[in-house]
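J.: The C-terminal residue of the sequence shown carries number 544 in full-length UniProt numbering, and the numbering is unbroken. Just so it is clear, CB atoms sit at the ideal spot from N, CA and C, and this is done for glycine as well. Here it is, the structure in full.
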Amino acid sequence: MAYTVPPAPAGPVPSQYCVCKVELSICGQNLLDRDVTSKSDPFCVLFMEVNGKWVELDRTETAVNNLNPAFAKKFVIDYHFEEVQKLKFALFDQDKSSMQLYEHDFLGEFSCTLGMIVSSKKITRALLLGNGKPAGKGMITIAAQELSDNRVITLSMAGRKLDKKDLFGKSDPFLEFYKPGDDGKWMLVHRTEVIKYTLDPVWKPFTVPLVSLCDGDVEKLIKVMCYDYDSDGGHDFIGEFQTSVAKMCEAQDASPLELECINPKKQKKKKNYKNSGIIIVKSCKITRDFSFLDYILGGCQLMFTVGIDFTASNGNPRDPSSLHYINPMGTNEYLSAIWAVGQIIQDYDSDKMFPALGFGAQLPPDWKVSHEFAINFNPTNPFCSGVEGIVQAYSACLPHIRFYGPTNFSPIVNHVARFAAQATQQQAASQYFILLIITDGVISDMEETRQAVVQASKLPMSIIIVGVGNADFAAMEFLDGDGRVLRSASGEEAARDIVQFVPFRDFRNAPKETLAKAVLAELPQQVVQYFKHQNLPPIHSEPA
């Protein structure tokens with residue numbers, strides 16, 4: 001069958017928060033055979049949804065006469081955690097040399113989000129025809145890999161018996177590291193600090209990206225130059241040497257590597273010139289500076305919990321002025337916040353079962369106030385299936401509870417923190433917990449909440465607070481420690497900033513994607529910060 005696609009609008013607008021680039025490898029299995037005399041000649045086309053339309057991004061080469069192709073051409077995409085990036089992979093049998101897709105026979109397609117692919121690292125799915133039916137036994141396999149060299153090198157350097165350059169004292173030595181540039185000239189990549197008044201300096205260990213030092217090629221020659229610092233900028237040259245990262249990595253704590261520091265002019269002039277001192281590589285270690293995507297591709301699951309404010313200040317949910325009133329469009333600010341955040345995070349949780357809790361309401365049959373109840377009224381199993389399940393449970397519970405108060409956050413924060421604490425016993429980067437609290441007002445238990453947040457900051461956990469309505473949210477801003485450290489009432493400091501607050505009113509008239517970008521922008525950094533602080537690499541990571 002022929003396949004048509006609408007003319008492509010302008011390409012995707014890049015987000016300001018690009019986490020990195022992802023490379024996608026494509027294989028097909030058991031593709032439909034559209035050719036009479038031979039097998040199909042398949043190629044794959046990648047589309048991305050932009051403003052509700054599919055835009056072609058790239059194509060693979062054509063695999064001639066092959067129903068089980070493994071395409072050499074890779075797709076490279078900017079990955080944005082805080083966006084839903086919808087992709088479509090369509091396979092065609094090349095019939096002509098035309099670039100127009102309707103000139104080629106359609107073999108099937110598969111649609112998903114980029115988040116689904118990276119959270120699984122590799123997926124195999126059935127190909128579908130335009131009518132939604134299976135394309136025979138055709139399958140597609142998509143594998144994701146982060147496109148970045150995240151290796152860093154840490155060097156500990158020292159010197160011995162360096163040339164004395166100052167008339168009335170010893171030298172003030174420092175080192176400069178250079179790599180060859182594309183133009184053939186040496187390019188400065190790092191300068192150490194100056195060590196004053198010594199011919200036997202010991203510089204502080206320093207860490208630089210391996211790409212910066214040698215373009216990621218450990219065999220590439222680099223040049224190290226040693227100077228005596230002069231405050232007027234006319235630094236005196238002591239000597240230099242060339243080496244490689246591979247050579248420097250021979251240095252061990254017990255057996256450092258010694259390299260002669262040579263001044264070529266002195267070497268030419270003096271017959272008995274030996275060197276201008278020794279530069280010592282005390283240790284050289286290459287490690288990986290893991291990114292958010294490394295942890296996700298390595299198998300880390302994002303565990304999502306929702307906390308919903310059912311206090312009386314929201315108003316009667318049957319009254320159109322209530323923040324919990326579900327309008328004829330089937331939504332309200334609470335539901336909008338749940339959808340915006342949940343539809344992104346759900347791609348990173350394999351079972352997509354999310355606890356949904358309420359607080360500040362009286363519950364049947366005895367009408368006692370609860371600050372951490374399951375909105376599906378099943379305390380032993382508060383899980384909802386996907387974001388749709390949360391929305392259904394929320395709508396179903398509204399007629400059965402009485403809005404009350406006060407607005408206590410700490411029980412729900414502590415509830416999720418207990419699960420996060422259990423996860424730390426695995427001593428692995430396997431789970432990170434995200435609590436979304438949606439509220440309309442001022443926190444009643446501020447002291448207890450501050451204490452709960454400070455304790456949670458030591459755990460694999462982040463808190464997103466979305467303020468709905470037009471209340472004064474100054475207290476929420478206080479919990480969001482941007483620019484300052486949050487402290488408990490006893491003075492204990494938060495280990496890190498884990499709270500992100502946004503008022504929904506700032507996004508009422510903006511596209512729904514904007515809210516998700518605002519609340520999730522800091523999350524990748526928070527995940528990496530926690531696991532790095534705990535010295536936990538991704539579960540499945542390659543050695544440096």
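So which of I238, I345, I280, K274 has the shortest CA-CA distance to M248?
T.: I280
J.: Roughly how far, in whole angstroms, is the beta-carbon of L363 from the beta-carbon of T305, given that I think they are within contact range, below 8 angstroms?
T.: Incorrect: roughly 19 angstroms between the Cβ atoms, too far for contact.
J.: With a Cβ-Cβ cutoff of 8 angstroms, do F433 and V413 count as a contact?
T.: no
J.: Among residues of its own chain, excluding the 5 on either side of K253, which ones have a beta-carbon nearer than 8 angstroms to its beta-carbon?
T.: Before going on, a small fix: residue 253 reads as Asp here, not Lys. Only K282, S283 meet the Cβ criterion.
J.: Straight-line CA distance for T311 to P317?
T.: 11 angstroms
J.: Since V387 is in the beta strand (DSSP E), which residue starts that stretch and which ends it?
T.: Element bounds for V387: not the beta strand (DSSP E) but the alpha helix (DSSP H), 386–397.
J.: Can you tell me which of the three DSSP states L297 falls into?
T.: helix
J.: Please list the terminal residues of the continuous alpha helix (DSSP H) segment that includes M329.
T.: First-last for M329: undefined, no H or E at that position.
J.: Between the Cα of E258 and the Cα atoms of K266, Q242, T60, K270, which residue gives the shortest distance?
T.: Q242
J.: Go ahead and pull the three-state DSSP assignment for W54.
T.: strand
J.: Compute the distance between the beta-carbons of G405 and T439, then report whether it is under 8 angstroms.
T.: no
J.: Could you tell me the alpha carbon to alpha carbon distance between C214 and K164, rounded to whole angstroms?
T.: 31 angstroms
J.: Using the three-state DSSP reduction, which class does C214 fall into: helix, strand or coil?
T.: helix
J.: Roughly how many angstroms lie between the CA atoms of A423 and V527, to the nearest whole one?
T.: 14 angstroms
J.: In this structure, what does DSSP give as the bridge partners for K179?
T.: M187
J.: Restricting to runs no shorter than 3 residues, where is the beta strand (DSSP E) found entirely within the segment 90–150?
T.: 105–113, 122–128, 134–146
J.: Helix, strand or coil for Q252, going by three-state DSSP, please let me know.
T.: coil
J.: Mind checking which residues open and close the beta strand (DSSP E) that includes F501?
T.: 499–503
J.: Just to confirm, is the Cβ distance from K96 to N66 under 8 angstroms?
T.: In terms of Cβ geometry, K96 and N66 do not form a close pair [threshold 8 angstroms].
J.: Determine the DSSP secondary structure at K88, reduced to helix, strand or coil.
T.: K88: strand per DSSP, three-state reduction.
J.: Under 8 angstroms by Cβ, that's how I've got T124 and T141 pegged, so tell me the actual separation to the nearest angstrom.
T.: 4 angstroms
J.: With DSSP collapsed to three states, give me the class of A521.
T.: coil
J.: Can you give me the C-alpha to C-alpha distance between N535 and W54, rounded to a whole angstrom?
T.: 42 angstroms
J.: Would you give the residue range spanned by the beta strand (DSSP E) that T287 belongs to?
T.: 278–288
J.: Spatial neighbours of S111 within its chain, please: CB distance less than 6 angstroms, with the 5 preceding and 5 following residues excluded, ordered by chain position.
T.: For S111, where only same-chain residues beyond five positions count, the Cβ hits under 6 angstroms are K88.
J.: For D200 and E193, I'd like the C-alpha separation in whole angstroms.
T.: 14 angstroms
J.: Please determine, among A90, D506, K74, the residue with the shortest C-alpha to C-alpha distance to L128.
T.: When only C-alpha atoms are compared, the closest one is A90.
J.: May I have the straight-line CA-CA distance separating F237 from K265, to the nearest angstrom?
T.: 10 angstroms
J.: How would you call residue 548, buried or exposed, if buried means at least 16 neighbouring beta carbons within 10 angstroms?
T.: No statement about residue 548 is possible, as the shown extent of the chain runs from 1 to 544 and does not include it.
J.: For A420 and Q431, what's the separation of their Cα atoms in angstroms?
T.: 8 angstroms
J.: Can you tell which of C44, V50, Y295 has the C-alpha that lies nearest to the C-alpha of A63?
T.: C44
J.: Which same chain residues, not among the five before or five after V369, have their C-beta less than 6 angstroms away from its C-beta?
T.: Q362, Y404
J.: Who does K21 pair with in a DSSP beta bridge?
T.: Assignment of beta-bridge partners to K21 by DSSP yields D78.
J.: Could you tell me the alpha carbon to alpha carbon distance between V387 and V189, rounded to whole angstroms?
T.: 48 angstroms
J.: Which of the three DSSP states is assigned to V224 in this structure?
T.: In the structure shown, V224 sits in a strand (DSSP, three-state: E or B).
J.: Starting from the C-beta of L436, find all residues in its chain whose C-beta is less than 6 angstroms away, skip the five residues before and the five after it, and write them out in chain order.
T.: V306, V341, I464
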